[in-house]
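Trainee: Once you've had a glance at the structure underneath, I'll fire off some questions.
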Amino acid sequence: MAFWKFGKKESTDNNKKISTAIDIGSFLIDFQLKTVGSTPGFDELFHSPFVRGYFVGVFSGAMQAFKIDGYGDDVKTMAFLVGGHVALIGEKHGFTYAMDSLKFQGHKDYDLGNRLGGQEIIAFFNKEIVVPRQLRDYIIGN
5 MAFWKFGKKE STDNNKKIST AIDIGSFLID FQLKTVGSTP GFDELFHSPF VRGYFVGVFS
65 GAMQAFKIDG YGDDVKTMAF LVGGHVALIG EKHGFTYAMD SLKFQGHKDY DLGNRLGGQE
125 IIAFFNKEIV VPRQLRDYII GN
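Counting from 1 along the sequence shown, just add 4 to a position and that's the residue number in this note's numbering.
Okay, structure coming up:
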């Protein structure tokens, strides 16, 4: 291996893990949202503390499950969370939605969504559940 390529494999492997973790987290959220998109009041619920917390929990859980470098470091974790939201919602709104979501930390509904989102994606990876549905059930129940 040439000296200028030394260390690039680690960086590429980490980028693949990041991309896969974000893709899976986005898919699991998007799958649930597509089943409830026509629910009355969906737009309001989409911006609720629970839903925001659930998104953050799923992406945090994915980062942890994939052992992404920087998990637990505030800046690197925030960058990963923003990347997940951008992949899910798009560049135009993903960054703002993620940043606004963090303002709800400490709110009981946000914290509940965050905990359930994280637990659910970990349970999915551990094959303890077949399909995550806490987000779907929350939106249908409101």
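We put the beta carbon where it would ideally sit given N, CA and C, even for glycine.
(1) Whose C-beta lies closer than 7 Å to the C-beta of G61 among residues of the same chain, with five residues either side of it excluded?
(2) Can the beta-carbon of F59 be found less than 8 Å from the beta-carbon of A25?
(3) Using a threshold of 8 Å, state whether the C-beta atoms of V55 and R140 are closer than that.
(4) Within the same chain, show all residues whose beta-carbon is closer than 6 Å to that of G29, passing over the 5 residues directly before and after it, in chain order.
(5) Taking the alpha carbon of V86 as the reference point, which residue from S23, E124 and R137 has its own alpha carbon closest?
(6) Helix, strand or coil: which one does DSSP assign to K72?
Mentor: According to the structure data:
(1) Taken in chain order, the residues that qualify are G117, N118, R119, L120, G121 and G122.
(2) For F59 and A25, no; Cβs fall outside 8 Å.
(3) Cβ distance not < 8 Å, so V55 and R140 don't count as in contact.
(4) Excluding five sequence positions before and after G29, the CB atoms of its chain that fall closer than 6 Å to its own CB belong to V62, F63, A66 and G88, given in chain order.
(5) Distances from the alpha-carbon of V86 to those of S23, E124 and R137 put S23 closest.
(6) Correcting the residue type first, residue 72 is Ile in the shown sequence and not Lys. For I72, the three-state secondary structure derived from DSSP is coil.
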